[in-house]
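Some notes on the structure that comes next.
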Amino acid sequence: MDLCIIGSGYVGLVSGACFAEVGHHVICVDNDQKKVDKLQRGEIPIYEPGLEELVHRNVAARRLRFTNSIEDGLDHSQVVFIAVPTPPQSDGSVDLTYIERVAREIAGVLKPGQYRVIVDKSTVPVKTGEKVADTIRRYNKDAEFDVVSNPEFLREGCAVPDLMNPDRIVVGSSSQRATDLMKQIYEPFRAPILVTDLNSAELIKHAANSFLSLKISYINAVAAICEASGADVEMVADGIGMDKRIGRNFLNAGLGYGGSCFPKDVKAFIAISRQLGTPFALLEEVERINATMLDRFIDKVRGALWVLKDKKIAVWGLTFKPDTDDVRNSVAIELVNKLVAEGAQVSAYDPKGAEKAVEWGLIDPTKVRLTKTPADATDGAEALLLATEWKEFANADLAEVKKRMHTPLVFDGRNHFNPETMRQLGFTYYAVGRPAAV
Ligand code: UDX
166 MDLCIIGSGY VGLVSGACFA EVGHHVICVD NDQKKVDKLQ RGEIPIYEPG LEELVHRNVA
226 ARRLRFTNSI EDGLDHSQVV FIAVPTPPQS DGSVDLTYIE RVAREIAGVL KPGQYRVIVD
286 KSTVPVKTGE KVADTIRRYN KDAEFDVVSN PEFLREGCAV PDLMNPDRIV VGSSSQRATD
346 LMKQIYEPFR APILVTDLNS AELIKHAANS FLSLKISYIN AVAAICEASG ADVEMVADGI
406 GMDKRIGRNF LNAGLGYGGS CFPKDVKAFI AISRQLGTPF ALLEEVERIN ATMLDRFIDK
466 VRGALWVLKD KKIAVWGLTF KPDTDDVRNS VAIELVNKLV AEGAQVSAYD PKGAEKAVEW
526 GLIDPTKVRL TKTPADATDG AEALLLATEW KEFANADLAE VKKRMHTPLV FDGRNHFNPE
586 TMRQLGFTYY AVGRPAAV
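Counting from 166, one number per residue, gives the positions in the sequence shown under the numbering used here.
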């Protein structure tokens, strides 16, 4: 099928590449000419395992191309996906100006007799699809189209495998013609397709991400009780996770959730539920618990080092999770900046995120020493803090690290190390929600 995707960010670019991989012809549209130029030169603006090969292969096979023209995209596609940013506003509600602008632009180029399915893939509050349809109709009364909601559930760091093997495809549509086309697009993915009305599909995305955030805050609250009582949250999570109704996924205690989805989506769901007159207070508690995790962690470091000013502290990890270079809303970055604000001398290492952290002004390289290897960050350190669970850290030469450190204190913010191994290596090891192994 001929598809067009407006917006070449994480969702748009990965979706475009995966649709092309299963045989569709895809045009990715972006209004950022620099990004389009880069993509046309074969440069991928984001780091995502497997994406580069996928893009190169499908461009070479002429199934994938990039343009800045919405008209070009719409003229050559039956189905048009919208995958533009929906950033948060200061009150937590979603800024829908990019979506509205794209709807107007689509209205401006849709020609009479040119039926198109307009699919919203961006994460939006319930009832946005209705507004997109109204807007297109208002600016082009002859337009023939249906609006469909098709939320995307990919995770950063495993976006390609997530998209190629989804648990489910959600299609919110009230038109049989549009639904049939959507089923055709997704047929090669061999995943169950749930067809709902437009509003339900939009709500599924916010409800799913909020539920996963709730699971994380739940286990983090349990971790605090474990710390107070001497229980081990990893065992508790295993024990409750073995109940199939609960499941072990997303029960990893640590520094809390970050990234560009969970914090934003929980806030947006709180905002939309309030706007609809049905406030969702439970989610406010989810946010509150999440916000306490970092302070609890720093308190633990303070508890051991007493004063942080002038202390040499190594931090491993800057990205909001492993296998990505994304440092937006990263708890690790917040940790580094809080330590710097308290006067600590911080050395940090991240396999992928350091460059972007500096480029985006999230870390001041004059105040934080960024190192080329994890061990270098630990030279003379009085404590090592693990903030992101990159595999590289579990495989690091910890005996060497111990030699390089001034005092062998390790604070593991993601329960990434084995406490027994750490003890045998001679570290004083603190995890989250686990008894300290001294
Ligand atoms: C999330 C959703 O998983 C995905 O379906 C949606 O499309 C976008 O938002 P993503 O933000 O890429 O994906 O990452 P995810 O792996 O879900 O992790 C989000 C955050 O939660 C990370 O900061 C991670 O460290 C944290 N997390 C995750 C935990 O603290 N504990 C867990 O058990 C799982």
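A virtual CB, placed ideally from N, CA and C, is assigned to each residue, including glycine.
#1: Which runs of the alpha helix (DSSP H), 4 residues or longer, sit entirely within the stretch 250-317?
#2: L550 bridges to which residues according to DSSP?
#3: Considering only the beta carbon of each residue, do A402 and A418 sit closer than 8 Å?
#4: According to DSSP, which residues form a beta bridge with D230?
#5: Note down, in chain order, each residue of its chain lying with its Cβ closer than 7 Å to the Cβ of E236, except the 5 sequence neighbours on either side.
#6: Would you say L549 reaches chain C, if we count a Cβ-Cβ gap shorter than 8 Å as a contact?
#7: From this set, I283, Q279, T232, A396, which residue's C-alpha is nearest I247's C-alpha?
#8: Contact check, D195 vs T288 under 8 Å by CB: the rounded distance?
#9: Given this structure, state the Cα-to-Cα distance separating T538 from K568, to the nearest angstrom.
#10: Would you mind sorting K432 into buried or exposed? The rule is 16 or more other CB atoms within 10 Å of its CB.
#11: Quick check: the stretch 591-602 against the stretch 565-581, are there 3 or more CB pairs under 8 Å?
#12: Kindly indicate the opening and closing residues of the alpha helix (DSSP H) around V224.
#13: Does the separation of the CB atoms of A469 and L483 fall below 8 Å?
#14: According to DSSP, is A386 part of a helix, a strand, or is it coil?
#15: To the nearest whole angstrom, what separates the beta carbons of A182 and L216, a pair I think is in contact under 8 Å?
#16: Which residue from T300, I454, A519 puts its Cα closest to that of V387?
#17: What are the start and end residues of the beta strand (DSSP E) that includes G337?
#18: Pull up the CB-CB distance for L420 and G578, whole angstroms please, since I reckon it's below 8 Å.
#19: Helix, strand or coil for T538 per DSSP?
#20: Just the C-alpha distance for V245 and S378, rounded to the nearest angstrom, thanks.
#21: Tell me which residue opens and which closes the beta strand (DSSP E) that I247 is part of.
#22: Kindly indicate the opening and closing residues of the beta strand (DSSP E) around E361.
#23: In angstroms, rounded to a whole number, what distance separates the CA positions of V466 and I170?
#24: Near R266, which residues of its chain fall below 7 Å by C-beta distance, leaving aside the five closest residues on each side in sequence?
#25: Which residue marks the beginning of the alpha helix (DSSP H) containing D237, and which one marks its end?
#26: DSSP beta-bridge partners for T593?
#27: Is any heavy atom in the ligand UDX found nearer than 7 Å to the beta carbon of E317?
#28: Classify I528 as helix, strand or coil using the three-state DSSP reduction.
#29: Just curious, the alpha helix (DSSP H) that Y422 is in, first and last residue?
#30: Going by Cα to Cα distance, which pick from K477, D488, T553 is closest to V511?
#31: Can you give me the C-alpha to C-alpha distance between E213 and R320, rounded to a whole angstrom?
#32: Is the beta carbon of Q243 closer than 8 Å to that of M347?
#33: Taking the alpha-carbon positions, what's the G238 to C193 distance?
#34: Is G177 near the ligand FAD, in the sense that its beta carbon is under 7 Å from a heavy atom of that ligand?
#35: Is it right to say K286 is buried, meaning 16 or more other beta carbons lie within 10 angstroms of its own, or is it exposed?
#36: Check the DSSP bridge columns for A513 and list the partner residues they point to.
With the given structure in hand:
#1: Within the stretch 250-317, the runs of alpha helix (DSSP H) at least 4 residues long that lie entirely inside it are, in chain order, 262-274, 293-304.
#2: For the purposes of this step, residue 550 is taken as residue 385 along the sequence shown, with counting starting at 1. Partner(s): V480, F576.
#3: Taking the sequence shown and counting its residues from 1, one reaches residue 402 at position 237. Taking the sequence shown and counting its residues from 1, one reaches residue 418 at position 253. Taking 8 Å as the Cβ cut-off, A402 and A418 qualify as a contacting pair.
#4: Residue 230 sits at position 65 when you count from the first residue of the sequence shown. The residue you asked about is not Asp; residue 230 is Arg in the sequence shown. By DSSP's assignment, R230 forms a beta bridge with I192.
#5: Within the sequence shown, the letter at position 71 stands for residue 236. V274.
#6: Reference to chain C is not applicable here, since this structure consists of a single protein chain.
#7: By one-based count along the sequence shown, residue 247 stands at place 82. When I283, Q279, T232, A396 are compared, the shortest CA-CA separation from I247 is found for I283.
#8: One-based indexing of the sequence shown puts residue 195 at position 30. One-based indexing of the sequence shown puts residue 288 at position 123. Contact doesn't hold; Cβ gap of about 18 Å is too wide.
#9: For the purposes of this step, residue 538 is taken as residue 373 along the sequence shown, with counting starting at 1. For the purposes of this step, residue 568 is taken as residue 403 along the sequence shown, with counting starting at 1. Roughly 15 Å separates the two Cα atoms.
#10: The residue given as residue 432 occupies position 267 in the sequence shown. K432 comes out buried.
#11: Contact check between the stretch 591-602 and the stretch 565-581: three or more CB pairs, one atom from each, fall below 8 Å, which counts as touching.
#12: Within the sequence shown, the letter at position 59 stands for residue 224. For V224, the enclosing alpha helix (DSSP H) starts and ends at 216-225.
#13: Against the sequence shown, residue 469 aligns to sequence position 304. Against the sequence shown, residue 483 aligns to sequence position 318. For A469 and L483, no; Cβs fall outside 8 Å.
#14: Numbered from 1 along the sequence shown, position 221 holds the residue referred to as residue 386. Correct three-state label for A386: helix.
#15: Taking the sequence shown and counting its residues from 1, the one referred to as residue 182 is at position 17. Taking the sequence shown and counting its residues from 1, the one referred to as residue 216 is at position 51. Confirmed, about 6 Å.
#16: Numbered from its first residue, the sequence shown carries residue 387 at position 222. Here the closest residue by C-alpha is I454.
#17: As a working note, residue 337 is residue 172 in the sequence shown. 334-337 is the extent of the beta strand (DSSP E) around G337.
#18: For the purposes of this step, residue 420 is taken as residue 255 along the sequence shown, with counting starting at 1. For the purposes of this step, residue 578 is taken as residue 413 along the sequence shown, with counting starting at 1. Contact holds; Cβ gap of about 4 Å.
#19: Translated into positions along the sequence shown, residue 538 becomes position 373. Here T538 sits in coil by DSSP.
#20: Taking the first residue of the sequence shown as 1, we reach residue 245 at position 80. Taking the first residue of the sequence shown as 1, we reach residue 378 at position 213. Rounded to the nearest angstrom, the two C-alpha atoms are 30 Å apart.
#21: Along the sequence shown, read from residue 1 onward, the residue named residue 247 stands at position 82. Residues 244-247.
#22: On the sequence shown, position 196 is the one that residue 361 refers to. Note on residue identity: the sequence assigns Thr, not Glu, to residue 361. Segment 358-361, the beta strand (DSSP E) holding T361.
#23: On the sequence shown, position 301 is the one that residue 466 refers to. On the sequence shown, position 5 is the one that residue 170 refers to. Taking the straight line from one Cα to the other gives about 47 Å.
#24: Stepping through the sequence shown from its first residue, residue 266 is reached at position 101. Here the set comprises nothing.
#25: Here residue 237 is taken as the residue at index 72 of the sequence shown, counted from 1. Run containing D237: 235-240, per the alpha helix (DSSP H) assignment.
#26: Reading the sequence shown from its first residue, position 428 is the one you call residue 593. Within the DSSP secondary-structure output, T593 pairs in a beta bridge with L574.
#27: By one-based count along the sequence shown, residue 317 stands at place 152. It does: the Cβ of E317 is within 7 Å (strictly closer) of some heavy atom of the ligand UDX.
#28: Position 363 of the sequence shown, counting from 1, holds the residue named residue 528. Here I528 sits in coil by DSSP.
#29: Sequence index remark: in the sequence shown, residue 422 carries index 257 (1-based). Counting along the chain, Y422 sits inside no alpha helix (DSSP H), nor does DSSP assign it H or E at all.
#30: Counting from 1 along the sequence shown, the entry for residue 511 is found at position 346. Nearest to V511 by C-alpha distance, out of K477, D488, T553, is K477.
#31: In the sequence shown, counting from the first residue as 1, residue 213 sits at position 48. In the sequence shown, counting from the first residue as 1, residue 320 sits at position 155. The straight-line gap from Cα to Cα measures roughly 10 Å.
#32: In the sequence shown, residue 347 corresponds to position 182, counting from 1. In the sequence shown, residue 243 corresponds to position 78, counting from 1. In this structure, Q243 does not lie closer than 8 Å to M347 by Cβ.
#33: Locating residue 238 in the sequence shown gives position 73, counting from the first residue. Locating residue 193 in the sequence shown gives position 28, counting from the first residue. Just so you know, the alpha carbons of G238 and C193 end up roughly 7 Å apart.
#34: The model on display carries the ligand UDX but not the ligand FAD.
#35: By one-based count along the sequence shown, residue 286 stands at place 121. Per the 10 Å Cβ criterion, buried.
#36: To locate residue 513, count along the sequence shown from 1; it is residue 348. The secondary-structure analysis by DSSP pairs A513 across a beta bridge with V480, L535.
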